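Going by the numbering used here, the first residue of the sequence shown is number 171, and it counts up by one from there.
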Amino acid sequence: MNTQTITPLTLRRPMPPPARIALIDVDNIALGGGGELRRSWALEQLDAVAREVSGAELVYAVASQSLVRALGLWFRYPEWTFRPADVGPDAADRQLLDYGRCALRQRPGAHLIVASGDHIFADLADVAALRVIVPSTHCGVSARLRPWLRRVPTGPAGAPRAA
């Protein structure tokens, strides 16, 4: 009779890094708090954000249809998932919050990168690791976001973006 016992083999794989999910309030970044669209300046701001979110697993961008068309954003940022902004005060912000919460349910432990200066996104810090990015020239960042804020440098319009 064989009395040897077999020890189960356990394989240990290194844990993958947490997913990075980016939420971009395109109108907030492109208009920079000024409310007036200047095409080359807006693209410079969005290029700075694009460099920072490069490599994110999911990139949700909410923008007004007119801004997407005026700046040709679908072609410039094909890796971003664009959604038209709903009409109403803070509608785009609420859409991004919903996308962020849904993504976190699907990917617990993910890190969120928020490109907006709006205070409403501070609520996400309670449920995820949060980083807030805005271009260095952006004005109007909420005081509630400052603990997670990182200002990113901008380059000339049309500068190559990180792949």
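We put the CB at the ideal spot given by N, CA and C, even for glycine. Quick caveat, the model's predicted, so the values are computed rather than measured.
Query raised in the report: From what residue to what residue does the beta strand (DSSP E) around D217 run?
Result: Element bounds for D217: not the beta strand (DSSP E) but the alpha helix (DSSP H), R209 to V223.
Requested in this report: Would you check if there are 3 or more beta carbon pairs closer than 8 Å linking the stretch 276-287 to the stretch 209-229?
Outcome: yes
Query raised in the report: Hey, would you say G287 sits closer than 9 Å to L315, going by beta carbons?
Result: yes
Query raised in the report: Based on Cα-Cα distance, which residue from H289, W250 and R277 lies nearest to D260?
Result: H289
Query raised in the report: G202: buried (16+ other C-beta within 10 angstroms of its C-beta) or exposed?
Result: buried
Report task. Name the residue from H308, S306, C309 and L266 whose alpha carbon lies nearest to the alpha carbon of F291. Result -> L266
Query raised in the report: Quick one: does A285 have its CB under 9 Å from some CB of chain D?
Result: Included in the structure is just one protein chain, with no chain D present.
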